[in-house]
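Down below is the structure, laid out as structure tokens.
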Amino acid sequence: MRPRRALPLDGGRHDRPGLEELLRQVARGDRAAFEQVYDMVAAAVYGVALRVLRDPAQAEEIAQEVLIEVWRGAARFEASRGSGMSWVMTIAHHRAVDRVRSAQASIDREDRVARLEARRPYDDVAESVETTLEQERLRRCLNGLTELQRESVTYAYYGGYTYREVAELLKVPLATVKTRMRDGLIRMRDCLGVER
Amino acid sequence: MSSDPHTLAGAYAMYAVEDADERRAFEEHLSRCPECEEEARGLRETAARLGVAVAQEPPPGLRDRVMAEIGLVRQLPPILDPASAPGRRAAARRAWWPRAATGLAAACLAVAVGLGVVAVRANDALQQERLGGQRIAAVLAAPDAKTVTRTAGQGAKGTLVVSRSQGQVVFFSSGLAALPESRTYQLWRIGPGGAVPDRLTRPDTEGRTPPVVIGELGDATKIGVTVEPAGGSRQPSAPPLMVVPLPSA
């Protein structure tokens, strides 16, 4: 069993220098700083791409694109607006979801719903054999949600579905899905102890 | 669309709002509501944690490829935006899209984005193409982008877009005659030292060549276009059918 990776869950505040400072160095063209950034974020970037895309080849392609974008756009990172990790993960998640959506645009609606129903993003998290501490915590927090909150959050984040699609799939009104996504995520925030 | 945009905070943080107008309305709402902005920020951090929790060791070759590739990618400058509080993002967007060149840039951007999409469908072979697409988009959208257009006989038109902040030049053209498979258009960087071979390019069915990024400029003062045998030449085999000067500093 692989030892648990030291992921900078809080933006690397325990390490020196932190991800935010490293990104500032990267913005000035510092390749050595970028290597450290790579080591901090690559597994998370690849992981989220893989979870959303479910295809190692595409996930790798997206991860590469995202990491290059981190290099290219480091000057656009503003620490006042959030942690370095959330900046990187936002890029990664958006790219992966964009890829899924462009691929699915060609699939007709019924097919898509069938595929959607076949996808159980939460179960994957629960059944993952090798669990890190962070995964355990995530699972515990997800278990603290109502079923509808949990499904709304996991279909949206890990499945890449829009709230309209989630409403369609779960056969609940749009307003309900929006509300469940918000209160579900708020509960996750409080459970995970996200710093604000 | 909801009467209370605020309920969108969760969906927004998870990128589950696909309608651009709806997203924009929510962002405007955030800019007027500091507590909402604060909540949005906490939810964005939370969403990031959902991603971090599913981290997976990436394939071993990725690191080397990324490290090699960053050597080819020019970094973006920071957005210099004096305004700081509400509406800041809208201001940043305005600064990012030069007003005068917006129409042209948008049109070209559509082409560049199109290139990106095509490349996305394929994989490694088109990797460079896609990177090119990103660089092209950055040049065309740069606030300091300047364009120079020259026409040549029979409605052919070549355009250079130059951005000093991006340090790059993009060329595209229209009205070029179709060529047989055995021939290609080739670009040249022309300076006091002669012509340096650059990209090969082919027009689409409407005679337009897609935007391409020109290589290291060195002492080049203009970009020329010639017709060459497929595969390109090391020296131009005929005088250029079109020459576009680079704008001076």
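Protein chains in written order, with numbering that gives the first Met the number 0: chain A, 0 to 195; chain B, 0 to 248. Note that beta-carbon positions come from the ideal geometry of N, C-alpha and C, so glycine has one too. As the structure is a computational prediction, the values presented were derived from the model and not from experiment.
Chain B residues whose Cβ lies nearer than 7 Å to that of residue i
i              : result
R258 (chain A) : Nothing about residue 258 (chain A) can be read from this structure; chain A reaches only from 0 to 195.
Q103 (chain A) : Ordered by position in chain B, no residue passes the 7 Å Cβ test against Q103 (chain A), which lies about 11 Å from the chain.
M84 (chain A)  : A47 and V51
R50 (chain A)  : V53
L66 (chain A)  : V65
Partner residues on chain B for residue i, Cβ-Cβ distance less than 9 Å
i             : result
G46 (chain A) : G50, V51, A52, V53, A54, Q55, E56 and P57
E34 (chain A) : R62 and M66
R30 (chain A) : M66, I69 and G70
G17 (chain A) : The contacting residues do not exist; G17 (chain A) stays about 15 Å from chain B at best.
is_contact[residue i, chain B] using C-beta, thresh 8 Å
i              : result
A125 (chain A) : Confidence at A125 (chain A) is low in this model, with a pLDDT of 46, below 50, so its placement is unreliable and the value that follows should be read with caution. Closer than 8 Å: no.
E133 (chain A) : yes
A26 (chain A)  : yes
M180 (chain A) : yes
A43 (chain A)  : yes
L144 (chain A) : no
L137 (chain A) : yes
L147 (chain A) : no
L21 (chain A)  : no
G11 (chain A)  : Low confidence applies here, because G11 (chain A) scores a pLDDT of 42, under 50, leaving its location unreliable and the question unanswered by this model.
L169 (chain A) : no
Y121 (chain A) : Low per-residue confidence applies at Y121 (chain A): pLDDT is 49, beneath 50, and the placement is therefore not dependable, though the value from the model is reported in the following sentence. No, Y121 (chain A) lies away from the interface with chain B (no Cβ there is under 8 Å from its Cβ).
G183 (chain A) : yes
Under 9 Å by beta carbon: chain A residues contacting residue i
i             : result
Y14 (chain B) : T89, H92, H93, V96, D97, A155, Y156, G159 and T161
Start and end residues, beta strand (DSSP E) containing residue i
i              : result
E27 (chain B)  : Looking at the DSSP string, E27 (chain B) is not in any beta strand (DSSP E); the run it does join, the alpha helix (DSSP H), is A19 to R31.
T153 (chain A) : It is not in any beta strand (DSSP E) - T153 (chain A) instead sits in the alpha helix (DSSP H) that spans E146 to Y156.
T208 (chain B) : T208 to V212
Residue-chain proximity (residue i, chain A), Cβ-Cβ < 8 Å
i              : result
A10 (chain B)  : yes
T6 (chain B)   : yes
R62 (chain B)  : yes
V65 (chain B)  : yes
A46 (chain B)  : yes
I69 (chain B)  : yes
A124 (chain B) : Unreliable placement is indicated for A124 (chain B), whose pLDDT of 41 sits below 50; the coordinate value is still reported in the next sentence. It does not: the Cβ of A124 (chain B) has no partner Cβ on chain A nearer than 8 Å.
Per DSSP, cross-strand counterpart(s) of residue i
i              : result
W187 (chain B) : B:P196 and B:G223
P244 (chain B) : B:K221
P77 (chain B)  : Looking at the DSSP assignment, P77 (chain B) forms no beta bridge with any residue, so it has no partner.
P4 (chain B)   : None; P4 (chain B) has no bridge partner.
P228 (chain B) : B:R182
Chain B contact residues for residue i, given Cβ-Cβ distances below 8 Å
i              : result
E59 (chain A)  : P57, P58 and L61
K177 (chain A) : S1, T6, L7, G9 and A10
A62 (chain A)  : P57 and L61
Alpha helix (DSSP H) segment containing residue i, residue limits
i              : result
P55 (chain A)  : P55 to G72
E19 (chain A)  : L18 to A26
D63 (chain B)  : G60 to I69
M187 (chain A) : L173 to L191
Y162 (chain A) : Y162 to L169
E196 (chain A) : Residue 196 (chain A) falls outside the range modelled here, since chain A spans only 0 to 195, and no answer is possible.
Q134 (chain A) : L132 to N142
S236 (chain B) : Element bounds for S236 (chain B): n/a, residue is neither H nor E.
S82 (chain A)  : From DSSP, S82 (chain A) is part of no alpha helix (DSSP H); its letter is neither H nor E.
Neighbouring residues, chain A, relative to residue i (Cβ below 8 Å)
i             : result
R22 (chain B) : Within chain A, no residue comes near R22 (chain B); the closest Cβ sits about 11 Å away, beyond 8 Å.
E17 (chain B) : R100, T161 and R163
Please give me, in chain order, every unbroken run of the beta strand (DSSP E) with length at least 3 that falls completely inside the region 139 to 181 of chain B.
145 to 151, 155 to 162 and 167 to 173
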